[in-house]
Amino acid sequence: LNGVGAAGVSLASAERLLRNTPLDRFFEVMAVMLNGERAVGENLVVLFEFTDIGERWLVDIENAVLHARKLAEKQRGVEPVNSSVVLTHDLLIRIMTGNAGARELVFSDELNVEGSRLDLARFFSLLDAPAVDFAIVTP
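Residues in the sequence shown are numbered consecutively from -5, following my numbering.
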C-alpha cells in the first residue's frame, strides 16, 4: 500500500460526519485549500450567513491568506463585502460533498447571493480541490 489507499475517501460518504462538524473547521479547510500563488494581489471579502443555524461568518482573502471570523449575533454593518451568501448549513454540506448539482444551486430556496457573483466565483476559483488520496506515510 505504501500509505496510500486504493480509492481514497469519498466526501459523499462522510455527509453525516460533516453535519456535526463546526463551521470554523470548514473555513480552516478553505484556508488550507487556498492557492497562494493564484491569490497574490487578491482582496476579496465574502459574508456567509447560515439561516438554519443562525451563524454569520466573514471570510476575507488578503496577502494570499484566507481569514474567517464568526460575527457576533447582533453584529451588523460589517465592512464592505464583495459578495454575501445566504444559505443553509445543510446546503453547504451537499455542495462540499458533491450532492448538490448546478440545477439545485440555481433553483434552490436555500441559497441567495447578493453583491458580485463574479467576485464570488473568483473567490471559489482560488481554492484548490483537496487531494483525497495523499500518502500519510511514505517509505
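Glycine is no exception: its CB is placed at the ideal position from the N, C-alpha and C atoms.
Note down, one range per segment and in chain order, each alpha helix (DSSP H) of at least 4 residues found wholly within the stretch 15 to 72. Segments of the alpha helix (DSSP H) lying fully in the stretch 15 to 72: 17 to 27, 30 to 33.
Out of S110, V107, M90, which has the shortest C-alpha to C-alpha gap to T15? Looking at the Cα atoms, M90 is the closest of the given residues.
May I ask you to list the residues that DSSP assigns as paired with V80? E43, N106.
Alpha helix (DSSP H) segment containing D122, residue limits: No alpha helix (DSSP H) holds D122; DSSP gives it neither H nor E.
Smallest Cα separation from N37: which of T132, E49, H61? For N37, the closest alpha carbon among the candidates T132, E49, H61 is that of H61.
Expressed to the nearest angstrom, what Euclidean distance is found between the alpha-carbon atoms of I47 and H83? About 7 Å.
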